[in-house]
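Trainee: Line order of the protein sequences matches chains A and B.
Numbering of the first sequence is given in the numbering used here, commencing with residue 1432 and proceeding in unit increments.
Numbering of the second sequence is given in the numbering used here, commencing with residue 48 and proceeding in unit increments.
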Amino acid sequence: MAFTYSKLASTTVGAGGTSAITFSNIPQNYTDLVLKISGRISIAQIYGAFWLNINGTTTNRTYRYLEGNGASASSGSGTNTNISTGEGNSNTANTFANVELYFPNYTSSNYKSWSTDSVGENNATTSYMDMYASLWSNVAAISQLSILPESGTILQYSTATLYGIRVEL
Amino acid sequence: MSITRLTTNGLTGTKYDTVSADNYYMEPIATTLLASSQATISFTNIPQNYKHLQVRAFGKSTTTSDQDLRWQYNGDTSASYSIHYLLGNGSGAFAAGAANNTLIRANSTLVRSTYTSVYGAVVIDILDYANPYKNKTSRHLGGSENNTSGQIILDSGCWYNTAPITSILFYPSSGNFDTYSRISLYGLKA
Chain A
1432 MAFTYSKLAS
1442 TTVGAGGTSA
1452 ITFSNIPQNY
1462 TDLVLKISGR
1472 ISIAQIYGAF
1482 WLNINGTTTN
1492 RTYRYLEGNG
1502 ASASSGSGTN
1512 TNISTGEGNS
1522 NTANTFANVE
1532 LYFPNYTSSN
1542 YKSWSTDSVG
1552 ENNATTSYMD
1562 MYASLWSNVA
1572 AISQLSILPE
1582 SGTILQYSTA
1592 TLYGIRVEL
Chain B
48 MSITRLTTNG
58 LTGTKYDTVS
68 ADNYYMEPIA
78 TTLLASSQAT
88 ISFTNIPQNY
98 KHLQVRAFGK
108 STTTSDQDLR
118 WQYNGDTSAS
128 YSIHYLLGNG
138 SGAFAAGAAN
148 NTLIRANSTL
158 VRSTYTSVYG
168 AVVIDILDYA
178 NPYKNKTSRH
188 LGGSENNTSG
198 QIILDSGCWY
208 NTAPITSILF
218 YPSSGNFDTY
228 SRISLYGLKA
């Protein structure tokens, strides 16, 4: 019988916001990880990205993305720590991005690939949504994930929940 | 085995779980599988003890065109939603958005009746659906393929209301849901 979505940890940002949300000492006895984020950051713009550190590092990272901005689609690639679109603080009040990251085989001795689907929302034509394919060229098992804002802080009422998925063979 | 440390850089209100991680946090709430065509599918009295909702829809239209899967929350038919999409149709990629809408949708995920036995699929994630401080943002990943045409979509929608979601009404943009269309509602525990 497959174990679906065992919750490993969750957090809710309190008053004053936070500079990062970190999940440490992630159990190594699951197959995949799923990270769900409902978040908003303090940057005064519509687009506000979340960044990701893995095991405390930002190196050996590459990604490709497909993005929509409410008017047109674009695609690109990069080597920094962007993981998703978020929700900047110029968007409609009380509105939070909806983000999911999927890390298959996070404990394997191969390089680590993951996918990201992320949407911000705004009661206007302009709003951002992204799909990312990312790679961490490192054979270490993932034991720590940190979510950071591209600038400023992650705002109050943002939440992040980490789930483990284990297949019983 | 449990996580032994969670650092949040000065947060308050952090929930740190020390219970066994071998729990089943994704539960089915309700499913509707149609034995005949039907105009709407609704979920009412949605339990409020989950953290997130996930909808999985497998749908077909009774019309001769692909249709959107549309929905509204808590009976709200007013212009209190926004919608945005990113899609590819095999020829190009497109994006658009609209404010002050009366509904949320997943573009063209209900396959037309012309293609028998072909259904579209979409997974809809609604995070923090019961949170009284947040408008309700949904993310929709899905598409359809009929051996002639189709599209892949990443849609989003927002209900500009901080009330907890207690009901969802689904309906096609035109016509009815065809036989064997299915919509399932799941809850992810807090």
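Even for Gly, the Cβ is constructed at its ideal location relative to N, Cα and C.
This structure is a prediction, so every number in the text was calculated from the model and none was measured.
Reducing DSSP to helix, strand and coil, say where Ala-68 (chain B) ends up.
Mentor: Confidence at Ala-68 (chain B) is low in this model, with a pLDDT of 43, below 50, so the placement of that residue is unreliable and no value is reported for it.
Trainee: Any chance the segment 1511-1529 of chain A sits against the segment 1550-1563 of chain A, with 3 or more Cβ pairs inside 8 angstroms?
Mentor: Taking 8 angstroms as the limit for Cβ pairs, the verdict is that the segment 1550-1563 of chain A does touch the segment 1511-1529 of chain A.
Trainee: By the 8 angstroms beta-carbon criterion, what residues does the segment 76-98 of chain B contribute toward chain A?
Mentor: Going along the segment 76-98 of chain B in chain order, one finds Lys-98 with a Cβ nearer than 8 angstroms to chain A.
Trainee: List the endpoints of the continuous beta strand (DSSP E) containing Thr-1493 (chain A).
Mentor: It spans 1492-1499 - the beta strand (DSSP E) in which Thr-1493 (chain A) sits, taken as one unbroken run.
Trainee: Leaving aside the five residues before and after Gly-1501 (chain A) along the sequence, list all residues of the same chain whose C-beta is less than 6 angstroms from its C-beta, in chain order.
Mentor: Once the five neighbours on either side are set aside, the close Cβ partners of Gly-1501 (chain A) are Thr-1556, Thr-1557 and Ser-1558.
Trainee: Quick check on Tyr-207 (chain B) - is its C-beta less than 7 angstroms from some C-beta in chain A?
Mentor: Judged by the 7 angstroms Cβ criterion, Tyr-207 (chain B) is in contact with chain A.
Trainee: Can you find the residues in the same chain that come closer than 6 angstroms, C-beta to C-beta, to Asp-175 (chain B), ignoring five residues on each side of it along the sequence?
Mentor: Taken in chain order, the residues that qualify are Lys-181.
Trainee: Taking the beta carbon of Thr-51 (chain B) as the centre, do at least 16 other beta carbons fall within 10 Å, making it buried, or is it exposed?
Mentor: For Thr-51 (chain B), the pLDDT reaches just 36, beneath the cut-off of 50, and the residue's location in the model is therefore unreliable, leaving the point undetermined.
Trainee: To the nearest angstrom, how far is the alpha carbon of Gly-1470 (chain A) from that of Asp-225 (chain B)?
Mentor: Taking the straight line joining both Cα atoms gives about 37 angstroms.
Trainee: Counting only beta-carbon atoms, is Tyr-180 (chain B) nearer than 7 angstroms to chain A?
Mentor: Judged by the 7 angstroms Cβ criterion, Tyr-180 (chain B) is in contact with chain A.
Trainee: Between Thr-1442 (chain A) and Ser-196 (chain B), what straight-line distance do the alpha-carbon atoms span, to the nearest angstrom?
Mentor: Near 43 angstroms, if we compare the C-alpha coordinates of Ser-196 (chain B) and Thr-1442 (chain A).
Trainee: If you draw a straight line from the C-alpha of Ala-68 (chain B) to the C-alpha of Arg-1597 (chain A), how long is it?
Mentor: Because the pLDDT at Ala-68 (chain B) is just 43, under 50, the model does not fix this residue reliably, and the point stays unresolved.
Trainee: Beta carbon of Gly-135 (chain B), beta carbon of Thr-156 (chain B): below 7 angstroms?
Mentor: Taking 7 angstroms as the Cβ cut-off, Gly-135 (chain B) and Thr-156 (chain B) do not qualify as a contacting pair.
Trainee: With a threshold of 8 angstroms, are at least 3 pairs of Cβ atoms found where one atom belongs to the segment 82-90 of chain B and the other to the segment 202-210 of chain B?
Mentor: No, because fewer than three Cβ pairs between the segment 82-90 of chain B and the segment 202-210 of chain B fall closer than 8 angstroms, the two stretches do not touch.
Trainee: For the segment 1479-1493 of chain A, which residues have a beta carbon sitting closer than 8 angstroms to at least one beta carbon of chain B?
Mentor: Here the close residues number zero.
Trainee: Would you say the beta carbon of Gly-137 (chain B) comes nearer than 6 angstroms to a heavy atom of the ligand ADP?
Mentor: The model on display carries no ligand, and the ligand ADP is accordingly not part of it.
Trainee: Closer than 9 angstroms by beta-carbon distance: list the chain A residues that pair up with Leu-100 (chain B), in chain order.
Mentor: Within 9 angstroms Cβ-Cβ: nothing; Leu-100 (chain B) doesn't reach chain A, min ~11 angstroms.
Trainee: Restricting to Cα atoms, I'd like to know which of B:Ile-171, B:Ser-160 and B:Ala-210 is closest to Arg-103 (chain B).
Mentor: Among B:Ile-171, B:Ser-160 and B:Ala-210, the Cα nearest to that of Arg-103 (chain B) is on B:Ile-171.
Trainee: My output table needs one value for Pro-1580 (chain A): the three-state DSSP class, helix, strand or coil.
Mentor: Three-state result, Pro-1580 (chain A): strand.
Trainee: On the DSSP bridge list, what partners appear for Val-165 (chain B)?
Mentor: Looking at the DSSP assignment, Val-165 (chain B) forms no beta bridge with any residue, so it has no partner.
Trainee: Since Arg-159 (chain B) is in the beta strand (DSSP E), which residue starts that stretch and which ends it?
Mentor: From DSSP, Arg-159 (chain B) is part of no beta strand (DSSP E); its letter is neither H nor E.
Trainee: Counting pairs of Cβ atoms below 8 angstroms between the segment 1525-1539 of chain A and the segment 1568-1582 of chain A, do you hit three or more?
Mentor: At 8 angstroms Cβ cutoff, the stretches touch.
Trainee: CB-CB under 8 angstroms to Gln-1587 (chain A), same chain, minus the five flanking residues each way: which ones, in chain order?
Mentor: Taken in chain order, the residues that qualify are Val-1444, Gly-1445, Ala-1446, Gly-1447 and Gly-1448.
Trainee: So, using beta-carbon positions, are Ser-1577 (chain A) and Ala-1451 (chain A) closer together than 7 angstroms?
Mentor: Contact: yes.
Trainee: The beta strand (DSSP E) with Arg-103 (chain B) in it runs from where to where?
Mentor: Counting along the chain, the beta strand (DSSP E) containing Arg-103 (chain B) begins and ends at 97-107.
Trainee: Could you name the residues of the segment 202-226 of chain B whose beta carbon sits closer than 9 angstroms to any beta carbon of chain A, in the order they occur along the chain?
Mentor: The segment 202-226 of chain B vs chain A, Cβ under 9 angstroms: Asp-202, Ser-203, Gly-204, Cys-205, Tyr-207 and Thr-209.
Trainee: Counting only Cβ-Cβ distances shorter than 8 angstroms, please list the residues of the segment 1533-1548 of chain A near chain B, keeping chain order.
Mentor: Residues passing the 8 angstroms Cβ filter: Asp-1548.
Trainee: Starting from the beta carbon of Lys-236 (chain B), find every residue of chain A whose beta carbon is closer than 7 angstroms, and list them in chain order.
Mentor: Ordered by position in chain A, the residues that pass the 7 angstroms Cβ test against Lys-236 (chain B) are Lys-1438.
Trainee: Considering Cα atoms alone, identify which of A:Lys-1438, A:Trp-1482, A:Thr-1488 and A:Ile-1485 is closest to Val-1465 (chain A).
Mentor: Residue A:Lys-1438 is the option with its Cα nearest to Val-1465 (chain A).
Trainee: Mind checking whether Phe-105 (chain B) and Arg-229 (chain B) have CB atoms under 7 angstroms apart?
Mentor: Yes; because the gap between Cβ atoms is below 7 angstroms, this pair is in contact.
Trainee: Please confirm if Thr-1584 (chain A) has its CB atom under 7 angstroms from at least one CB of chain B.
Mentor: Chain B contact via Cβ: absent.
Trainee: Between the alpha carbons of Tyr-227 (chain B) and Leu-81 (chain B), how many angstroms are there, rounded?
Mentor: Approximately 5 angstroms between the Cα atoms of the pair.
Trainee: DSSP on Glu-1531 (chain A), reduced to helix/strand/coil?
Mentor: In this structure, Glu-1531 (chain A) counts as strand in the three-state DSSP scheme.
Trainee: For the segment 1517-1531 of chain A and the segment 1486-1502 of chain A, state whether three or more C-beta atom pairs, one from each stretch, are separated by less than 8 angstroms.
Mentor: Too few Cβ pairs lie closer than 8 angstroms, so no.
Trainee: How far does the beta strand (DSSP E) with Gln-119 (chain B) in it reach, from first residue to last?
Mentor: Taken as a continuous stretch (DSSP letters only), the beta strand (DSSP E) holding Gln-119 (chain B) covers 114-120.
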